[in-house]
Amino acid sequence: MSIQASLPRSSKRTRILFLGPAFVAAIGYIDPGNYATNIQAGADYGYLLLWVVVWANLMAALIQMLSAKLGLATGESLASQLGKRLPRWAVYPYWIQAEILAMATDIAEFIGAALGFKLLFGFTLIEGAVITALISWAVLSLETRNVKTLQIVIGGMLLSVALIYVVELLFSHPHPASVLEGALIPGFDGRDSVFLAAGILGATVMPHVIYLHSALSKADLVKYGKLHRKTMFRSTKWDVAFAMTIAGFVNLSMLAMAAAVFYGNPSAESGNIENAYETLRPLLGELAAQIFGASLLIAGLASTIVGTLAGQEIMSGFVRFRIPVTLRRAITMTPSFIIIALGLNVTEVLVYSQVVLSFGIALALIPLVLFTSDRKLMRGYVNPTWVRWLGWLTVVVVVSLNGYLLATS
Numbered sequence: 151m152s153i154q155a156s157l158p159r160s161s162k163r164t165r166i167l168f169l170g171p172a173f174v175a176a177i178g179y180i181d182p183g184n185y186a187t188n189i190q191a192g193a194d195y196g197y198l199l200l201w202v203v204v205w206a207n208l209m210a211a212l213i214q215m216l217s218a219k220l221g222l223a224t225g226e227s228l229a230s231q232l233g234k235r236l237p238r239w240a241v242y243p244y245w246i247q248a249e250i251l252a253m254a255t256d257i258a259e260f261i262g263a264a265l266g267f268k269l270l271f272g273f274t275l276i277e278g279a280v281i282t283a284l285i286s287w288a289v290l291s292l293e294t295r296n297v298k299t300l301q302i303v304i305g306g307m308l309l310s311v312a313l314i315y316v317v318e319l320l321f322s323h324p325h326p327a328s329v330l331e332g333a334l335i336p337g338f339d340g341r342d343s344v345f346l347a348a349g350i351l352g353a354t355v356m357p358h359v360i361y362l363h364s365a366l367s368k369a370d371l372v373k374y375g376k377l378h379r380k381t382m383f384r385s386t387k388w389d390v391a392f393a394m395t396i397a398g399f400v401n402l403s404m405l406a407m408a409a410a411v412f413y414g415n416p417s418a419e420s421g422n423i424e425n426a427y428e429t430l431r432p433l434l435g436e437l438a439a440q441i442f443g444a445s446l447l448i449a450g451l452a453s454t455i456v457g458t459l460a461g462q463e464i465m466s467g468f469v470r471f472r473i474p475v476t477l478r479r480a481i482t483m484t485p486s487f488i489i490i491a492l493g494l495n496v497t498e499v500l501v502y503s504q505v506v507l508s509f510g511i512a513l514a515l516i517p518l519v520l521f522t523s524d525r526k527l528m529r530g531y532v533n534p535t536w537v538r539w540l541g542w543l544t545v546v547v548v549v550s551l552n553g554y555l556l557a558t559s
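What the sequence shown shows, in the numbering used here, is residues 151 to 559, in sequence order.
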């Protein structure tokens, strides 16, 4: 009997089976770039920009839901749809820019993981980079055996980071009323705060996971068949809700911790992850500093794995070409080792990587909203009017803020 026929459509087992893709995508929202922008925001402006994190994660949840829906409704990823629908002359340039963005993301995440090894175990960045490469290779090998196992591993890493930040909040004691006010009441404090808000958004909405989520959802559809498409849609809503809530909690906690510990503290150098780690030790104790380093390490490792998956899916979708994961990992590692060997400031590299990513957000978002609003393509799963308007509003906000980020960089 086929798996399509053997799985009861309404069973809890079936719904749980379809969870996972959003947890993989959510890792992109707590990568080392988020650490840099959230810590800087909390250190410079206290709780003021918490509302930006809230709205950025709400927009990200909508975007990931649309990406998942595209994969389930059409049986194809966003990259595959673009590869089919773009003029032939535009396919390769579009693919190249998407690959560059995926590699830029992967570089930042790879360096972030190496920095986590340095902070936590005292390794040099080069040593940390080598260990990161070996671990990411090992975890990525799970994809060839069982993609659901890989999703469970990455989901576990996401939950681990969330649990670490529960502990960090207990150590840092952020002011509840200030957290609530910052999260609910929009406000800025001069041009630099607007710039930083754009940076937070740039670190949150990631082009590579927009491409990846649709591919992961498509894979579930291919594996379990169209019989369970409606069950998959219902499960996807919960998948996105759970995963993005966890990612949003981590980002809010990160900024709130920085606000409670670093705001108004002259010894805390804004936005410097290494300095933040060293400052936590005398202020909150050795354990707080160690678990901060552990969270950066786990997030960096998980996001390097997701970045490699995204790059592979982008290539496969646009030009129908795949290369061995080992070769792709080696290609991605090379620029990271060069950056480390040159002795560049790793926090600055993380921040600048968010600026580079800003170039590609619109190029992923606009076709996503167009495709999911196409009645002929999506059939009964087309965006309702209110979702379509929310989608275009999200595009306008994301593109405008990232345009500001680029113009003022």
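Idealized CB from N, CA, C, for every residue including glycine.
Item                                                                                                                                                                                 : Value
If contact is defined by three or more beta carbon pairs under 8 Å, each pair taking one atom from either stretch, is the segment 359 to 366 in contact with the segment 276 to 287? : no
Only counting the same chain, and skipping five residues up and downstream in sequence, which positions put a Cβ closer than 7 Å to that of methionine 151?                          : Interpretation of methionine 151 is limited by its pLDDT of 36, a score under 50 that renders its predicted location unreliable; the figure taken from the coordinates is listed afterwards. For methionine 151, where only same-chain residues beyond five positions count, there are no Cβ hits under 7 Å.
If you scan the segment 315 to 342 from start to end, which runs of the alpha helix (DSSP H) of 4 or more residues do you find wholly inside it?                                     : 326 to 334
Please report the residue range of the alpha helix (DSSP H) in which glutamate 428 lies.                                                                                             : 423 to 434
Return yes when the Cβ of tyrosine 315 is within less than 8 Å of the Cβ of methionine 394, no when it is not.                                                                       : no
Buried or exposed: which applies to serine 550, given that a residue is buried once 16 or more other Cβ atoms fall within 10 Å of its Cβ?                                            : exposed
Using CA coordinates, which residue listed in Asn188, Lys387, Arg384 is at the minimum distance from alanine 206?                                                                    : Asn188
Where do the ends of the alpha helix (DSSP H) carrying leucine 228 lie?                                                                                                              : 228 to 235
If you draw a straight line from the alpha carbon of alanine 211 to that of alanine 391, how long is it in whole angstroms?                                                          : 7 Å
Any idea what DSSP makes of methionine 356, helix, strand or coil?                                                                                                                   : coil
Taking the CB atoms as reference points, tell me whether glycine 457 and threonine 299 lie closer together than 8 Å.                                                                 : no
Please name the residue in Leu520, Tyr554, Leu446, Met528 whose C-alpha comes closest to that of tryptophan 542.                                                                     : Leu520
DSSP on asparagine 495, reduced to helix/strand/coil?                                                                                                                                : coil
What did DSSP end up calling aspartate 370 once you bin it into helix, strand or coil?                                                                                               : helix
Mapping DSSP to helix, strand and coil, what is leucine 199?                                                                                                                         : coil
Give a yes or no on whether the C-beta atoms belonging to glycine 192 and alanine 406 are separated by under 8 Å.                                                                    : yes
Using a 10 Å radius around the Cβ and a threshold of 16 neighbouring Cβ atoms, would you call phenylalanine 412 buried or exposed?                                                   : buried
Starting from the Cα of proline 237, find the closest Cα among Val400, Thr354, Phe468 and give me that residue.                                                                      : Phe468
Would you say glutamate 249 and methionine 483 are within 8 Å of each other, going by their C-beta atoms?                                                                            : no
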